[in-house]
Amino acid sequence: MEKNYIEIMSGKKEILIIANGESILKNDYGDFIDKHPLVARINNYQTKGFEKQIGRKTDIWFNGANSKLKLQTAKYS
Numbered sequence: 003m004e005k006n007y008i009e010i011m012s013g014k015k016e017i018l019i020i021a022n023g024e025s026i027l028k029n030d031y032g033d034f035i036d037k038h039p040l041v042a043r044i045n046n047y048q049t050k051g052f053e054k055q056i057g058r059k060t061d062i063w064f065n066g067a068n069s070k071l072k073l074q075t076a077k078y079s
């Protein structure tokens, strides 16, 4: 069963929101990101193979309308 945002954020005082962009891959932020109480990621992302740069942790995933377009593009290309 998935938790709702109130359950996830209970007792937490800060959240780190990670967007998708090539610039984040230029530095090794993985440990810094994973040490935050809550980590949120936006839209489609991949951590496997990039843990040193972007960490492993994801507590909240904001998935927008673009995900359907990306899935359709991949399906028909």
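Count the sequence shown with the working numbering and you get residues 3 to 79, in order. Quick reminder that beta carbons are idealized off the backbone N, C-alpha and C, glycines included.
Judged by DSSP secondary structure, residue 34 falls within the alpha helix (DSSP H) whose first and last residues are 32-36. Pairing residue 17 with residue 64, the inter-Cα distance amounts to about 13 Å. DSSP lists 20 and 63 as the bridge partner or partners of residue 43. Distances from the CA of residue 34 to each of 62, 22, 54 and 43 were compared; the closest alpha carbon is that of 54. Comparing alpha carbon positions, the residue from 32, 15, 19 and 25 closest to residue 50 is 32.
Residue 48 sits in coil when the DSSP states are folded into three classes, being neither helix nor strand.
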